[in-house]
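Asker: Heads up: the sequence shown runs through residues 1 to 386, numbered per UniProt numbering.
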Amino acid sequence: MIQFDSKLPHAGTTIFTHMTVLAQQANAVNLGQGFPDFDCDPELLRLMQEALQSGHNQYAPMAGVPALREAVAQQIQALYGRTYDPGTEITITAGATQAIHAAISALVRPGDEVILFEPAFDSYEPAILLNGGKPVPIRLRAPDYRPDWDAVLAALSPRTRAILINSPHNPTARLWTAEDMQMLAEVLRDTNVVVISDEVYEHMVFDGKRHESVARYPELAERSYVVSSFGKAFHITGWKIAYCLAPRALMAEFQKAHQFIVFCTHAPSQHALAQYLPCGAHLQLAAFYQQKRDLFVNAVANCGLRWLPSEGSYFVSASFAHLPVLGEMSSLEFSEWLTREIGVACIPLSAFYHDGFDEKVVRFCFAKREDTLHEAARRLQRLSER
1 MIQFDSKLPH AGTTIFTHMT VLAQQANAVN LGQGFPDFDC DPELLRLMQE
51 ALQSGHNQYA PMAGVPALRE AVAQQIQALY GRTYDPGTEI TITAGATQAI
101 HAAISALVRP GDEVILFEPA FDSYEPAILL NGGKPVPIRL RAPDYRPDWD
151 AVLAALSPRT RAILINSPHN PTARLWTAED MQMLAEVLRD TNVVVISDEV
201 YEHMVFDGKR HESVARYPEL AERSYVVSSF GKAFHITGWK IAYCLAPRAL
251 MAEFQKAHQF IVFCTHAPSQ HALAQYLPCG AHLQLAAFYQ QKRDLFVNAV
301 ANCGLRWLPS EGSYFVSASF AHLPVLGEMS SLEFSEWLTR EIGVACIPLS
351 AFYHDGFDEK VVRFCFAKRE DTLHEAARRL QRLSER
């Protein structure tokens, strides 16, 4: 057998795969992995079919179909007041994970450091490591999961190449505030640090709050890659299509990496989305998912778990630390127990920390049909009977 050293020696089966397989084995309601169990708008499917039948089945331009990049530019201008040049500052990508990977690949050399906030989505650290970089995690703590700016200042070094932020935040469902953005700008003002801003849940912000995109803040936008997702916005996660925004010089470097990672993204879906985006369906997402959040949280309010605020995304987290006997379990053990014995799958937040830090909190996804959420709530009520 050939002998070689793994570039990701600690990477194994992701927690999402593990819990999904367990949910299938236990016939559990799967509120673990973050994707809808309902289909997208039939009009978008019609536009996709039209694109397929209209000959849009060969390679798209490397940066994306021009009509879609123009539609993205118009949407960003309307939402955040910043103008991005569709020709030089927008790239359509094969999902947000690929966009983040390309941004890191464009920036990070061996020995460079990238600051990120944990709990963090599981693709961030491997992308840094594969490029020879060093992840520098800053811990966010329950229940508010607010950035510690003294810790950020302490983490900055001459080797810091980028800082990776995520709001609305997966997995905690918390939002960065205008004050956070102003602090970020202040902290980075005299540095050459680039911001990579994961904003895939930008349209899912609740209770009248506002999504604070870095695109709203000129000082930050000038040093930032902004990543968002059509898949999340339009219930088409399987299409794996997203986009990245950046000033021209940063985007030129991004595209150098992008063209050798995927070159281009699925052409028919780009043509379909170019026609669909102007309809404004994204503007309905906040109310749509707030209704689902409220339905689920109200239905499980008395099940025994302590629910944490969900300000954005389609996730909500809960603590089980106070539960007799069960509170002695790790988050992974509790998630597995809940799946097998109660019949509802979730994700342990400990999986989002590089060292498995465990505050005994688990995450549930409410991007599900109402009957799915009602059944999950019915099963979770069994916790109150134990």
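Built from N, CA and C at the ideal position, the CB exists for glycine as well. Keep in mind that this is a model prediction, so the values were computed, not measured.
#1: Quick check: A154 and V262, are their CB atoms within less than 7 angstroms of each other?
#2: Pick from A11, E222 and A242: whose alpha carbon is nearest that of F230?
#3: CB-CB under 7 angstroms to E219, same chain, minus the five flanking residues each way: which ones, in chain order?
#4: Could you tell me which of L175, L164 and T177 sits nearest to L188, measuring between CA atoms?
#5: Check whether the Cβ atoms of V344 and R379 lie closer than 7 angstroms to each other.
#6: Using 8 angstroms for Cβ pairs, my map puts D112 next to R161. What's the rounded Cβ distance?
#7: Can you check the region 10–36 for any beta strand (DSSP E) of at least 3 residues that lies completely inside it and give the ranges in chain order?
#8: Would R293 be called buried (16 or more neighbouring beta carbons within 10 Å of its own) or exposed?
#9: Bridge partners of N302, per DSSP?
#10: Whether or not the region 274–292 and the region 236–255 are in contact is what I'm after, with contact meaning three or more pairs of Cβ atoms, one per stretch, closer than 8 angstroms; do they touch?
#11: Between the beta-carbon of P135 and the beta-carbon of V114, is there less than 7 angstroms?
#12: Judging by CA-CA distance, which residue of P143, Y145, T97 and D148 is the nearest neighbour of Y124?
#13: Please give me, in chain order, every unbroken run of the alpha helix (DSSP H) with length at least 4 that falls completely inside the region 171–207.
#14: So who's on the other strand from P137, going by DSSP bridges?
#15: If you count every other CB in all the chains shown that lies within 10 Å of the CB of N166, and 16 or more means buried, which is it?
#16: Under 6 angstroms Cβ to Cβ from P110, same chain only, skipping five residues before and after it: list those, please.
#17: Go ahead and label S224 buried or exposed: buried means 16 or more other beta carbons lie within 10 angstroms of its beta carbon, across all protein chains shown.
#18: DSSP state of S228, grouped into three classes?
#19: DSSP three-state label for Y353, please.
#20: Leaving aside the five residues before and after P278 along the sequence, list all residues of the same chain whose C-beta is less than 7 angstroms from its C-beta, in chain order.
Answerer: The relevant details are as follows:
#1: no
#2: A242
#3: A185
#4: L164
#5: yes
#6: 4 angstroms
#7: none
#8: buried
#9: Answer is none; N302 lacks a bridge partner.
#10: no
#11: yes
#12: T97
#13: 178–188
#14: L116
#15: buried
#16: G132
#17: buried
#18: strand
#19: coil
#20: A71
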